[in-house]
Structure formats: structure tokens, C-alpha cells
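Below is one structure, written out as C-alpha cells; the observations come after it.
Numbering (the UniProt record's numbering), first residue to last: 1 to 74.
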């Protein structure tokens with residue numbers, strides 16, 4: 001039997017896009033322009049992810065996502 005929980009991502013597709021751009025050192029403004037969304041929307045996605053993870057900021061969120069295997073450094 002396959003354990004589907006191992007295949008289910010913690011992040012939405014958009015959150016993953018945003019955090020992958022954050023680890024490429026892109027600014028909120030750069031990310032918004034690249035994805036065609038507002039800076040406020042980018043900040044909301046980041047904030048939602050921080051809350052999901054129970055961490056206190058972007059840097060901690062990135063570290064936790066790397067630790068969990070949700071993000072990879074290239």
C-alpha cells in the first residue's frame with residue numbers, strides 16, 4: 001500500500017514558486033512582477049506558509065522547508 005502522505009506537498013504550487021524564487025534571492029517586488037501578481041499577494045503567500053510551519057520569519061521558513069524536503073537548493 002502506498003503512503004500518500006509522503007507524496008502530498010505541504011506547499012501549494014504558488015507557495016512553492018514563491019519560495020523557490022526567494023531562495024534565488026529575489027525580492028517581493030521581483031517575484032510579484034515575474035508571477036504577474038501583486039506584492040501584497042506575494043506577502044500573503046509567504047505569511048500563510050510561515051503560519052503553516054509555525055516559524056517566525058522567511059529565513060526560518062526556508063530552513064524548515066529545506067529540512068522537510070519541500071525545497072531544494074540548486
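Glycine included, every Cβ here is placed at the ideal spot set by N, Cα and C.
**Message:** Measuring straight from C-alpha to C-alpha, what distance separates residue 71 and residue 50?
**Reply:** CA-CA distance, residue 71 to residue 50, rounds to 14 Å.
**Message:** Just to confirm the assignment: which complete alpha helix (DSSP H) runs, minimum length 4, are found wholly within the UniProt domain "HTH luxR-type" (4-69)?
**Reply:** Segments of the alpha helix (DSSP H) lying fully in the UniProt domain "HTH luxR-type" (4-69): 13-22, 28-35, 39-53 and 58-67.
**Message:** Whole angstroms are fine: how far does the CA of residue 30 sit from the CA of residue 5?
**Reply:** Bear in mind that the predicted position of residue 5 carries a pLDDT of just 48, short of 50, making it unreliable; the figure below should be weighed with that in mind. So the two alpha carbons sit approximately 33 Å from each other.
**Message:** In whole angstroms, give me the CA-to-CA distance for residue 73 and residue 23.
**Reply:** 8 Å
**Asked** Taking just the CA atoms, how far does residue 57 sit from residue 90?
**Response** Absent from the model: residue 90. The displayed extent of the chain is 1 to 74, so no value can be given.
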